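Residue numbers (our numbering), protein chains in the order written: chain A, 49 to 336; chain B, 29 to 288. Contents: one structure, followed by commentary.
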Ligand SMILES: [Zn+2]
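Here is the structure:
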């Protein structure tokens with residue numbers, strides 16, 4: 049596979065308006081520098097280590113497809129609603145251009161990929177958000193795809209796993225993007241009321257309207273180490289209260305300590321953890 | 029009026045607040061109930077029970093305060109997680125006793141601060157969205173001034189959403205939008221236009237059911253006719269089975285911005 053496919057878009061992303069959090073790193077051909085500890089790492093080693101720095105355990109950002117590849121049983125992923133694309137529903141200036149650019153950068157049509165797959169043999173609906181597409185912002189197609197994924201899971205009595213990464217609502221869709229918070233939450237509620245398992249995995253960064261809707265509605269909420277998890281981003285808070293924020297504020301570990309994340313899980317253990325949790329909830333081979 | 033002039037009108041401190049509406053419509057019958065039973069009583073949210081004509085109603089409002097002292101005390105209507113949790117507690121109580129829920133929305137947004145984050149602002153809003161969608165009792169939300177993003181929708185997952193003619197409702201403030209997209213907050217008037225955030229624009233988008241003429245302080249006749257309108261809507265929805273009502277509420281949101 050193309051080892052650099054996930055890198056190039058990040059450089060592009062540096063110029064997009066929505067990137068808020070950590071600066072992307074600049075890779076050489078074969079090497080990448082860990083943005084956390086500065087160690088030069090062999091790209092192939094990073095790839096083999098689930099895109100985690102072998103020195104300091106920094107979790108590199110990965111795109112939605114890579115996430116699915118690292119999580120699901122080999123060749124088990126079947127995508128749903130892949131054809132859906134956003135339109136400029138409120139005629140927001142410059143939105144079409146923005147969408148075109150994001151499509152080119154991410155090679156995807158939207159900020160989320162949904163589908164069915166198997167994890168440790170258990171059939172699961174999986175939703176994977178994409179930071180490379182407008183920083184994972186939630187537009188109406190994002191919300192609709194996620195809602196459909198929950199409705200499908202409810203209908204087929206399947207558990208669902210959602211990997212979140214998002215800068216929040218997509219302002220180019222105005223109020224319609226805000227409405228996605230209610231819509232997705234309603235779909236989560238119905239899935240929950242049907243007695244089905246919903247696991248969220250919060251990855252860096254998860255913020256705004258996504259944090260204030262389905263990201264925080266899982267039966268079990270996992271997070272990747274050091275991921276930024278926030279309602280309001282650190283810059284907004286600093287501007288509001290005019291105070292410097294504590295160093296580890298809004299990291300996954302901090303949020304776990306405050307009681308809003310069940311467990312911080314290293315990416316290299318994620319697949320096993322998910323598989324174990326599914327088994328404990330009686331999903332898996334035996335049932336099929 | 030331009031979109032941005034409406035934004036400024038919606039923020040006008042001389043405008044009626046939730047407390048004014050509650051006082052004018054519930055009068056002496058309003059009994060305020062405090063606290064989220066977990067952390068504190070958030071004064072940015074007023075909640076309680078009272079009689080709307082002959083009908084027992086739970087009423088909840090985001091309250092900005094009517095003078096400088098009140099505004100400080102009420103954090104200018106920017107609620108903390110405990111405010112949203114208080115609101116949900118009262119809604120659940122209303123469901124138990126089969127009372128309709130009336131929400132007044134007027135906020136620049138949920139508070140952005142250290143304590144708010146530490147106590148789970150995102151979680152509090154998310155829980156309201158999820159639980160309000162399934163409430164088996166009628167819910168009506170009326171926007172009386174500013175409807176700022178997540179902090180507003182946390183009280184607006186309703187059977188119907190109504191707006192005062194000069195109220196606004198948006199995913200982001202026009203200033204915030206302009207400074208993020210165009211690196212220039214002075215372009216807020218353009219952003220206000222582009223965001224389609226006035227009551228009239230939102231009505232066209234199918235996000236609100238009704239635009240209301242704004243009552244004037246002291247004009248009791250206007251409040252009486254608003255009361256009548258609310259009571260009629262509640263009567264109609266009280267006749268609908270609770271499960272069905274929740275289903276209709278889900279479909280209401282399901283179809284907004286629907287993708288083919
Ligand atoms: Zn490192």
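The beta-carbon is built from N, C-alpha and C at its ideal position, and this holds for glycine as well. Quantities reported herein were computed from a predicted structural model and do not represent experimental measurements.
Neighbour-count burial assignment, residue i, 16 or more Cβ in a 10 Å radius
| i | result |
| --- | --- |
| residue 205 of chain B | buried |
| residue 42 of chain B | exposed |
| residue 216 of chain A | buried |
| residue 244 of chain B | exposed |
| residue 52 of chain B | buried |
| residue 34 of chain B | buried |
| residue 149 of chain B | buried |
| residue 162 of chain A | buried |
| residue 126 of chain A | exposed |
| residue 220 of chain A | buried |
| residue 69 of chain A | The predicted position of residue 69 of chain A is uncertain, since its pLDDT is 49 and thus under 50; no value can be drawn from it. |
| residue 59 of chain B | exposed |
| residue 58 of chain A | Any answer about residue 58 of chain A is weak, because its pLDDT of 38 lies below 50 and its placement is not dependable; what the coordinates show is given next. Residue 58 of chain A should be labelled buried. |
| residue 328 of chain A | exposed |
| residue 256 of chain B | exposed |
| residue 125 of chain B | exposed |
Identified DSSP bridge partners for residue i
| i | result |
| --- | --- |
| residue 81 of chain A | A/88 |
| residue 238 of chain B | B/190 |
| residue 174 of chain B | B/196 |
| residue 45 of chain B | Residue 45 of chain B pairs with nothing; no bridge assigned. |
| residue 20 of chain A | Lying before the first or after the last residue shown, residue 20 of chain A is absent from chain A, which here runs from 49 to 336. |
| residue 128 of chain A | A/162 |
Short Cβ contact (8 Å threshold) for residue i with residue j
| i | j | result |
| --- | --- | --- |
| residue 285 of chain A | residue 142 of chain B | yes |
| residue 200 of chain A | residue 173 of chain A | yes |
| residue 135 of chain B | residue 106 of chain B | yes |
| residue 182 of chain A | residue 225 of chain A | no |
| residue 90 of chain B | residue 183 of chain B | yes |
| residue 199 of chain B | residue 132 of chain A | no |
| residue 89 of chain A | residue 101 of chain A | yes |
| residue 193 of chain A | residue 158 of chain A | yes |
| residue 174 of chain B | residue 39 of chain B | yes |
| residue 238 of chain A | residue 202 of chain A | yes |
| residue 178 of chain B | residue 201 of chain B | no |
| residue 75 of chain B | residue 164 of chain B | no |
| residue 221 of chain B | residue 188 of chain B | no |
| residue 160 of chain A | residue 178 of chain A | yes |
| residue 108 of chain B | residue 132 of chain B | no |
| residue 227 of chain B | residue 191 of chain B | yes |
| residue 312 of chain A | residue 301 of chain A | yes |
| residue 172 of chain B | residue 195 of chain B | yes |
| residue 261 of chain A | residue 279 of chain A | no |
| residue 54 of chain B | residue 80 of chain B | yes |
| residue 281 of chain B | residue 257 of chain A | no |
| residue 84 of chain B | residue 262 of chain B | no |
| residue 191 of chain A | residue 146 of chain A | no |
| residue 102 of chain B | residue 68 of chain B | no |
| residue 107 of chain A | residue 315 of chain A | yes |
| residue 120 of chain A | residue 165 of chain A | yes |
| residue 168 of chain B | residue 88 of chain B | no |
Terminal residues of the alpha helix (DSSP H) in which residue i lies
| i | result |
| --- | --- |
| residue 249 of chain A | No alpha helix (DSSP H) contains residue 249 of chain A, which is instead part of the beta strand (DSSP E) from 246 to 254. |
| residue 192 of chain B | Premise fails: residue 192 of chain B lies in the beta strand (DSSP E), 188 to 192, not in any alpha helix (DSSP H). |
| residue 153 of chain A | 143 to 154 |
| residue 143 of chain B | 142 to 146 |
| residue 240 of chain A | 222 to 241 |
| residue 318 of chain A | 315 to 328 |
| residue 288 of chain A | 282 to 289 |
| residue 96 of chain B | 96 to 101 |
| residue 195 of chain A | 188 to 203 |
| residue 253 of chain B | 248 to 266 |
| residue 135 of chain A | No alpha helix (DSSP H) holds residue 135 of chain A; DSSP gives it neither H nor E. |
| residue 165 of chain B | Segment: none, residue 165 of chain B is in no alpha helix (DSSP H) and carries neither H nor E. |
| residue 155 of chain B | 149 to 161 |
| residue 131 of chain B | Careful: residue 131 of chain B lies outside any alpha helix (DSSP H), inside the beta strand (DSSP E) at 129 to 135. |
First and last residue of the uninterrupted beta strand (DSSP E) at residue i
| i | result |
| --- | --- |
| residue 183 of chain A | Premise fails: residue 183 of chain A is in no beta strand (DSSP E) and is neither H nor E. |
* To do: Using a Cβ-Cβ cut-off of less than 7 Å, list which residues of the region 191 to 212 of chain B approach chain A; keep chain order.
  => 197, 198, 199, 200, 205, 208, 209
- Task: Using a Cβ-Cβ cut-off of less than 9 Å, give me the residues of the region 131 to 154 of chain B that come near chain A, in sequence order.
- Result: 137, 138, 139, 140, 141, 142, 144, 145, 146, 147, 148, 149, 150, 151, 152, 153, 154
Taking beta-carbon pairs under 7 Å, can you tell me which members of the region 159 to 192 of chain B lie near chain A? 161, 162, 177, 178, 181, 185
| task | Compile a chain-ordered list of the residues in the region 237 to 260 of chain A whose CB is closer than 9 Å to at least one CB of chain B. | result | 237, 238, 240, 241, 254, 255, 256, 257, 258, 259, 260
So if I threshold CB-CB distances at 9 Å, which residues from the region 217 to 228 of chain B count as touching chain A? 218, 219, 222, 223, 224, 225
Item checked: Selection of the region 131 to 160 of chain A by Cβ proximity to chain B, strictly under 7 Å -> 132, 137, 138, 140, 141
If you measure beta-carbon to beta-carbon, which residues of the region 255 to 283 of chain B are closer than 7 Å to chain A? 278, 281, 282
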